[in-house]
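Input: a single structure, listed below in structure tokens.
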Amino acid sequence: MSLETKKDNVAEIVAHSKRKTRKGVFWPSFLIVGGGAVLGIVNNKLLAEISMNGFVASLRGLGWLYQIISIVALVIVGIVTFSKLGKVRLGGEDAKPKYGFGSWFAMALTGGIATGLITYGVNEPIIYFGNIYGEMERTGVEPGTPLAAIYAMGRSFYNWTFIPYAMYSLSGLVVAYMYFNRKKSLSVTSTLIPLFGEKVTKGLWSSIIDTLSVLAIALGLASSLGAGLALVGSGIEATYGIQQGPLVWLVLTLVITAMFTLSSLKGLDKGIRFLSDINAKVFYILLIALVILGPTLYMLRTSTAGMGYWLQNFWQWGLDPIDLGGEALVMWWTLYDWAIWIAYAPLMGIFLAIISHGRTIREFMIVNWILPSVFSIIWFGIWGGTALHWQQNNVVDLVGTIKESGAVAALWSFLANLPLGAVIIPVVMISLILSFATGADSMVRTISQLCTVNIRYDEEPANWKKLLWALSIGIIAFIMVAFAGGAQGVDGVKYLAALGGSSVLFVFVLQVISAIKMFFIDKVEK
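Put into structure tokens, the structure is as follows:
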């Protein structure tokens with residue numbers, strides 16, 4: 016290495032170490048998140064009421080837009096993946112991937128789904144099947160029948176596969192293409208340059224757009240952690256008789272927060288990739304165990320029929336703003352899910368972009384859109400199929416469990432009835448903890464990057480920023496669980512998270528339009 020090269024490297028390191036904080040993004044985001052925590056302590060009911068009213072109003076008023084933009088995103092992703100655009104390499108023709116396929120897929124998979132699949136793989140199909148909250152009333156399907164089981168499987172596939180992952184993938188692709196191929200800044204606002212030009216990355220609008228994105232993901236992470244605390248706490252209580260309460264939640268908060276904080280501080284290569292690999296392997300083991308222990312033929316038949324029902328009703332489900340299926344089904348499941356996915360999409364997109372340098376667009380879409388969607392179909396087919404079979408054959412009354420103990424209660428009753436339940440239950444608890452940690456560590460890193468001026472994709476943000484955001488998220492989640500009422504105790508942050516999705520909805524709409532202009536109107540940079 017020449018002396019000049021060494022000098023350049025030293026200068027680069029010094030420049031990196033002096034990266035300034037984006038005060039217009041960092042301070043508004045941090046103060047609003049901190050204010051929410053304070054309001055949660057002082058008057059949690061007020062926080063829940065304000066956020067729920069805003070959330071409900073947004074879905075009732077904008078449900079049509081959520082549905083249309085989700086379908087448009089799906090169509091764009093499909094065209095980009097299977098057209099000649101798929102051959103374009105992120106970073107240029109000579110760019111080389113940094114991560115092997117296994118590690119890359121593990122980070123993309125576990126960084127995106129957090130605790131969702133484990134929490135709802137059993138519960139969501141059972142809730143539809145039993146019409147527990149009125150979901151089936153306007154579907155024309157009789158609850159508790161074989162057709163209801165097929166409907167439940169098909170609706171779960173719809174909510175958890177190709178449409179939501181298209182949202183993540185589209186945001187990620189636009190970020191990756193603008194950063195690696197057009198050499199723009201690593202931010203949400205840079206994805207809107209095709210529409211508004213360079214001026215959108217400067218001044219007030221840049222701060223507003225990136226602040227909304229940070230707020231949405233920070234509140235979403237706090238909501239996920241809060242729900243995870245309540246879920247693991249309920250599992251400990253149901254399985255081991257240790258009553259959940261502030262002490263149990265505090266211990267769980269400390270363990271989980273410490274895990275994703277340390278992982279984030281260690282960086283992308285030594286922390287996040289390592290934790291993601293472990294979590295992905297746990298997922299694979301759980302799937303194999305359920306295939307061996309569960310009703311395999313029933314899983315295969317119901318999953319196949321469920322996919323048929325899903326495809327048969329695709330356009331009706333996809334363009335229903337509430338009027339066809341009703342609020343209990345459409346607003347409180349599909350639209351709520353879309354709000355959460357869109358809340359995560361801009362910053363999740365930045366993370367997916369960072370780990371995809373050197374890959375072609377087609378490879379990017381296979382790993383971030385197609386394979387996670389297929390994984391979700393397999394997961395719901397195995398877990399949900401087993402739960403539906405047991406419910407129909409009176410092995411265990413999961414519908415009754417949910418009616419008595421809340422929307423996420425069936426998981427532990429389900430696991431307790433497995434032949435190796437005593438072994439599988441702690442494994443699932445560990446997987447829940449790992450699932451949140453692998454989602455949180457990647458997002459804490461991304462939030463910290465977005466709060467830093469001119470940071471490179473392969474550069475770690477300052478540790479104090481990662482530590483501050485990690486601790487803030489952990490503290491808010493604990494406050495909501497400890498001080499809020501209700502079965503899960505996270506109503507305030509849960510609604511705030513979805514409301515954050517509503518505020519980011521317009522940013523996502525602009526990203527979709529920007530993608531259309533960039534890939535189908537402008538000249539594509541190879």
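Residue numbers for the sequence shown follow our numbering, beginning at 16 and rising by one. Backbone N, C-alpha and C define an ideal beta-carbon position, used for all residues, glycine too.
Inter-residue spacing [alpha-carbon to alpha-carbon] between residue i and residue j
i	j	result
Thr-317	Leu-435	24 Å
Ile-445	Leu-262	19 Å
Leu-308	Gly-49	46 Å
Trp-398	Asn-68	34 Å
Val-382	Leu-240	26 Å
Gly-155	Ile-133	29 Å
Ile-392	Phe-172	6 Å
Ala-191	Asn-146	42 Å
Thr-430	Val-410	Reading off the sequence shown, one finds Leu at residue 430, where the question assumed Thr. Roughly 12 Å between the two C-alpha positions.
Ser-279	Glu-157	48 Å
Lys-418	Gln-406	14 Å
Phe-329	Ser-73	24 Å
Gly-169	Ile-470	43 Å
Met-380	Trp-348	26 Å
Gly-501	Ser-221	The predicted model places Gly-501 with a pLDDT of 44, which falls under 50 and marks its position as unreliable; any figure quoted below should be read in that light. Cα to Cα, the separation comes out at about 38 Å.
Gly-504	Leu-62	Summary for Gly-504: the model assigns pLDDT 46, below 50, so the residue's position carries little reliability, and this model does not support an answer.
Arg-377	Thr-254	45 Å
Val-189	Val-270	35 Å
Leu-283	Phe-390	24 Å
Arg-104	Pro-361	21 Å
Ala-233	Ile-488	7 Å
Trp-479	Phe-275	14 Å
Ala-513	Thr-453	21 Å
Identity of the residue in the options nearest residue i by Cα
i	options	result
Ile-385	Arg-75, Ala-123 and Leu-105	Ala-123
Ser-428	Glu-252, Trp-42 and Val-522	Glu-252
Phe-498	Phe-45, Phe-41 and Val-53	Val-53
Ile-565	Asn-138, Val-345 and Phe-534	Given a span of 16 to 541 for the chain in the structure shown, any question on residue 565 remains unanswerable.
Leu-339	Val-40, Asn-58, Gln-82 and Pro-476	Gln-82
Asn-432	Ala-402, Val-215 and Asp-456	Ala-402
Glu-152	Ile-91, Ile-300, Ile-337 and Leu-219	Ile-337
Pro-43	Met-363, Met-168, Ile-224 and Lys-35	Ile-224
Gly-516	Leu-265, Phe-70 and Gly-396	Phe-70
Trp-353	Phe-523, Tyr-472 and Asp-412	Phe-523
Asn-138	Thr-416, Gly-51 and Leu-61	Thr-416
Glu-342	Ile-531, Gly-149 and Thr-176	Gly-149
Leu-413	Val-92, Phe-144, Thr-226 and Ala-72	Phe-144
Leu-367	Gly-78, Trp-332, Ala-304 and Leu-185	Leu-185
Thr-461	Arg-104, Val-527 and Leu-236	Leu-236
Gly-260	Met-495, Ile-531 and Leu-520	Met-495
Ile-440	Lys-532, Leu-344 and Ala-304	Ala-304
Leu-350	Leu-207, Ile-86 and Ile-56	Ile-86
Ala-455	Ala-477, Trp-484 and Cys-466	Trp-484
Trp-325	Phe-177, Lys-214, Leu-207 and Ala-121	Phe-177
Ala-425	Lys-35, Gly-51, Ala-163 and Leu-246	Leu-246
Proximity test, Cβ basis, 7 Å: residue i and chain B
i	result
Ser-518	Given the protein chain composition of this structure (a single chain), no chain B is represented.
DSSP three-state assignment for residue i, whether helix, strand or coil
i	result
Ala-110	coil
Thr-317	helix
Thr-36	strand
Thr-96	helix
Lys-538	coil
Ala-477	coil
Glu-554	Given that the chain is displayed from residue 16 to residue 541, the structure contains no residue 554 and the question cannot be resolved.
Tyr-183	helix
Tyr-472	coil
Ser-291	helix
Arg-197	coil
Ile-271	helix
Ser-278	helix
Gln-331	helix
Val-297	helix
Asn-146	coil
Arg-460	helix
Gly-151	One point to set straight first is that residue 151 is Met, not Gly, in the sequence displayed. Note: Met-151 maps to coil in three-state DSSP.
Gln-82	helix
Asn-58	coil
Ser-202	coil
Lys-285	helix
DSSP bridge partner residues for residue i (one or two, in chain order)
i	result
Thr-375	Arg-104
Thr-467	Thr-36
For a minimum of 4 consecutive residues, which ranges assigned as the alpha helix (DSSP H) are wholly contained in the stretch 374 to 451?
376 to 380, 386 to 394, 400 to 407, 413 to 420 and 425 to 431
Threshold first: 3 residues or longer. Then list the beta strand (DSSP E) segments lying entirely within the stretch 349 to 373, N to C.
none
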